[in-house]
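Worksheet for the structure shown next.
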Amino acid sequence: MKIVDTHSHLNDDKLFSQVEDVVKKARNNGVEAVFNNADSFKSFDRILELQKTFPGFCYAVLGIHPEFADESDDYFDETYKFIKEHSSMVKAIGEIGLDYHFHKEPEYVQKQKRRFIEQIRLAKSLSLPIVIHSRDADKDTLDIIKEELPDKLDLHCYSGSYETLKEYLKLPIDIHIGIGGVCTFKNARVIKEVIQKAPLDIMLTETDAPYLAPVPFRGTLNEPAYIPYIIKVISELVEKDEEECASILYNNGVKFYGIK
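Written out as structure tokens, the structure reads:
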């Protein structure tokens, strides 16, 4: 089967130190493309280096994670300038969004919202999709998307309810949701319900490597080679043949990012 890992971090120190082996193992397991998502400005160089080292396999998704919302205006100005100058090498703006899991102070929340909106507008100006990180911030994320209406988005590592997803699907936007290793966890009731009820053609396979390794590798370093375990669970939940399901999911990823 052909596979796309639509959200990974091979630039992370834990994987970058052994990236040749990680890429070889991924290819041996059917992975055709990996989209490395940035978190900070610091991560951009390594992500572009991966794209140059593994052309046609590693792709760049550049943006600033909400955990860096406290950075200065100069920091964000430099970031946006860099993305514009390298836009021909960028497949999407991400991962961007809101994260209230550790901090919910009003001032910090406002900073996150501001930077999220700025990056949505940057993506629109460059005609690029966005990859959203939303943690414990479902309502605010949805409200901003309703207001800004980006052209195309991936709700990475989707953790919201099916009811929330239905609100997204009412919008005049190309909406996708990232499905990763969490769906293989025994107690992952919410995402399993979403998979069963949502259209298969909006789902994207992802790892978020090196995080959230699927069963039977839970608790170890995640990597793109493990996506077949995610596809197996998805196929069981949607009651489709695994090969047929894999083909649909592969085509979803290729179409979302506009690669052949």
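Be aware that the sequence shown starts at 1, since it is given in our numbering, and climbs by one per residue. Glycine residues also receive a C-beta, built at the ideal position from the N, C-alpha and C atoms. Bear in mind the structure is a predicted one, so any value in this text is a computation, not a measurement.
Environment of residue 201 [buried if 16+ CB atoms lie within 10 Å]: Stepping through the sequence shown from its first residue, residue 201 is reached at position 201. Residue 201 comes out exposed.
To the nearest angstrom, report how far apart residue 165 and residue 5 are at their CA atoms. Position 165 of the sequence shown, counting from 1, holds the residue named residue 165. Position 5 of the sequence shown, counting from 1, holds the residue named residue 5. Spanning the two alpha carbons is a distance of roughly 22 Å.
Do residue 37 and residue 266 count as a contact pair if the criterion is CB distance below 7 Å? The first residue shown for the chain is 1 and the last is 260, placing residue 266 beyond what the model contains.
Taking 6 Å as the limit between beta carbons, can you name the residues of its chain near residue 41, skipping five residues before and five after? Here residue 41 is taken as the residue at index 41 of the sequence shown, counted from 1. Beyond the five residues adjoining it in sequence on each side, residue 41 comes within less than 6 Å, by CB distance, of 79 in the same chain, given in chain order.
Using 8 Å for Cβ pairs, my map puts residue 195 next to residue 238. What's the rounded Cβ distance? For this step, residue 195 is matched to residue 195 along the sequence shown. For this step, residue 238 is matched to residue 238 along the sequence shown. At roughly 6 Å, the Cβ-Cβ gap stays under 8 Å, so residue 195 and residue 238 are in contact.
With three or more C-beta pairs closer than 8 Å as the rule, is the stretch 176 to 191 touching the stretch 202 to 217? yes
Given a cut-off of 7 Å, decide if residue 48 and residue 33 are closer than it, judged by their beta-carbon atoms. Counting from 1 along the sequence shown, the entry for residue 33 is found at position 33. Counting from 1 along the sequence shown, the entry for residue 48 is found at position 48. Contact: no.
Return yes when the Cβ of residue 30 is within less than 7 Å of the Cβ of residue 2, no when it is not. Position 2 of the sequence shown, counted from the start, is the residue given in the question as residue 2. Position 30 of the sequence shown, counted from the start, is the residue given in the question as residue 30. Taking 7 Å as the Cβ cut-off, residue 2 and residue 30 qualify as a contacting pair.
Bridge partner(s) assigned by DSSP for residue 86: One-based indexing of the sequence shown puts residue 86 at position 86. Per DSSP, none; premise fails for residue 86.
Which ranges would you report for the alpha helix (DSSP H) in the stretch 125 to 204 if only whole runs of at least 4 residues count? As far as the stretch 125 to 204 is concerned, its whole alpha helix (DSSP H) runs of at least 4 residues are 138 to 148, 162 to 169 and 189 to 197.
Give me the Cα-Cα distance between residue 163 and residue 170, rounded to the nearest whole angstrom. In the sequence shown, residue 163 corresponds to position 163, counting from 1. In the sequence shown, residue 170 corresponds to position 170, counting from 1. Roughly 11 Å between the two C-alpha positions.
Rounded to the nearest angstrom, what separates residue 245 and residue 220 at their Cα positions? Counting from one through the sequence shown, the residue named residue 245 turns up at place 245. Counting from one through the sequence shown, the residue named residue 220 turns up at place 220. Roughly 26 Å separates the two Cα atoms.
Nearest residue (CA-CA) to residue 64, options 54, 56, 129 and 76: Position 64 of the sequence shown, counted from the first residue, corresponds to residue 64. Cα-wise, what sits closest to residue 64 is 76.
Of all the options 107, 81, 86 and 103, which has the alpha carbon lying nearest to the alpha carbon of residue 118? The residue you call residue 118 lines up with position 118 of the sequence shown. Nearest neighbour of residue 118 by Cα position, chosen from 107, 81, 86 and 103, turns out to be 81.
Does the stretch 144 to 156 come into contact with the stretch 183 to 190, if we say contact requires no fewer than three beta-carbon pairs (one atom in each stretch) closer than 8 Å? no
By Cβ distance below 7 Å, which residues in the same chain neighbour residue 141 in space, the five residues on each side in sequence not counted? Locating residue 141 in the sequence shown gives position 141, where the first residue counts as 1. Excluding sequence positions up to five before and after residue 141, its CB lies within less than 7 Å of the CB of 97, 98, 132 and 134, all in the same chain and listed in chain order.
Test item: CB-CB of residue 210 and residue 230 under 7 Å: As a first step, residue 210 is located in the sequence shown; it is residue number 210 there, counting from the start. As a first step, residue 230 is located in the sequence shown; it is residue number 230 there, counting from the start. No; because the gap between Cβ atoms is not below 7 Å, this pair is not in contact.
Tell me residue 58's beta-bridge partners as DSSP assigns them. Position 58 of the sequence shown, counted from the start, is the residue given in the question as residue 58. According to DSSP, which records beta bridges pairwise, residue 58 is partnered with 34.
Between the alpha carbons of residue 185 and residue 216, how many angstroms are there, rounded? Residue mapping note: residue 185 aligns to position 185 of the sequence shown, counting from 1. Residue mapping note: residue 216 aligns to position 216 of the sequence shown, counting from 1. Between residue 185 and residue 216, the C-alpha separation is close to 9 Å.
Own chain residues within Cβ distance below 6 Å of residue 138, not counting five before or after: Working through the sequence shown from its first residue, we reach residue 138 at position 138. Closer than 6 Å at Cβ, skipping near neighbours: 160 and 164.
Measure the beta-carbon distance from residue 91 to residue 257 and round it to whole angstroms, keeping in mind my assumption that it falls under 8 Å. Translated into the one-based positions of the sequence shown, residue 91 becomes position 91. Translated into the one-based positions of the sequence shown, residue 257 becomes position 257. At roughly 5 Å, the Cβ-Cβ gap stays under 8 Å, so residue 91 and residue 257 are in contact.
Measuring only the C-alpha atoms, how far is residue 222 from residue 259? Working through the sequence shown from its first residue, we reach residue 222 at position 222. Working through the sequence shown from its first residue, we reach residue 259 at position 259. Their Cα atoms are separated by approximately 24 Å.
Reference residue 111, options 23, 173 and 66, closest by Cα: Here residue 111 refers to the residue found at position 111 when the sequence shown is read from its first residue. Residue 66 holds the alpha-carbon nearest to the alpha-carbon of residue 111 among 23, 173 and 66.
Is it the case that the Cβ atoms of residue 87 and residue 126 are separated by a distance below 7 Å? The residue you call residue 87 lines up with position 87 of the sequence shown. The residue you call residue 126 lines up with position 126 of the sequence shown. Yes, they are a contact pair.
Could you check where the alpha helix (DSSP H) with residue 220 kicks off and where it finishes? By one-based count along the sequence shown, residue 220 stands at place 220. Run containing residue 220: none; DSSP gives neither H nor E here.
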